[in-house]
Amino acid sequence: MRRPILALLLTALPAAAGAASFDCARARLADERAVCASRALNDRDVRMAVLYGLDLRFVPMGSRDVLRREQAAWLTRRRACGANRVCLARAYDRRIAELQAVIDERVYPHGPF
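Per my numbering, the sequence shown starts with residue 601, numbered consecutively.
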């Protein structure tokens with residue numbers, strides 16, 4: 601039941617589906633350029649950004665700063681991958697799993713979804 605709800609939420613955001621979560625025209629760092637050059641990485645970036653946005657909306661206000669710090673730390677780790685697409689894909693997969701776990705463990709148990 602949980603996955604269909606998330607899928608519905610992801611499809612409800614059509615503007616996010618077309619491009620990375622940042623402006624590719626301004627991408628200067630190797631990791632950003634690699635994300636913009638790869639459809640698979642771009643798709644992961646969009647999914648990660650949507651999950652992050654949902655997490656920020658659904659977690660209690662006191663948890664939002666922790667989530668923001670974790671995201672900043674993750675961006676630092678992503679940057680360390682440079683243009684290595686395998687490293688970037690792994691980084692995105694791990695972050696997506698972490699953000700999905702927030703929804704699965706901290707959001708779903710508290711609502712009639």
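Backbone N, C-alpha and C fix where the C-beta goes; we use that ideal spot for every residue, glycine too.
Point to revise | residue 629: first and last residue of the uninterrupted alpha helix (DSSP H) it sits in | key: Looking at the DSSP string, residue 629 is not in any alpha helix (DSSP H), and its letter there is neither H nor E.
Practice item. My understanding is that residue 688 touches residue 641, with C-beta atoms under 8 Å, so please give their C-beta distance in whole angstroms. Key: Separation of the CB atoms of residue 688 and residue 641 is rounded to 6 Å, and the pair is thereby assigned contact status at 8 Å.
Practice item. With a 10 Å radius around its C-beta and 16 neighbouring C-beta atoms as the bar for buried, classify residue 702 as buried or exposed. Key: Within 10 angstroms of the beta-carbon of residue 702 lie 16 or more other beta-carbons, which makes it buried.
**Study point:** Buried/exposed call for residue 646, threshold 16 Cβ in 10 Å
**Key:** Its Cβ being crowded by 16 or more others within 10 Å, residue 646 is buried.
Check your understanding: Just to confirm, are residue 678 and residue 631 a CB contact at a threshold of 7 Å?
Key -> Residue 631 sits close to residue 678, with the two beta carbons spaced by under 7 Å.
Review point. Does DSSP classify residue 658 as helix, strand or coil?
Key: Under the three-state reduction of DSSP output, residue 658 falls in the helix class.
Check your understanding: Closest to residue 700 by CA distance: which of 637, 625, 658 and 629 is it?
Key -> Closest by alpha carbon: 658.
**Study point:** Residue nearest to residue 638 in terms of C-alpha spacing, selected from 666, 683, 652 and 667
**Key:** Residue 683 is the option with its Cα nearest to residue 638.
Review point. Quick one: Cα of residue 662 to Cα of residue 656, how far?
Key: Near 10 Å, if we compare the C-alpha coordinates of residue 656 and residue 662.
Point to revise | Which of helix, strand or coil DSSP assigns to residue 683 | key: Annotated three-state conformation of residue 683 is coil, per DSSP.
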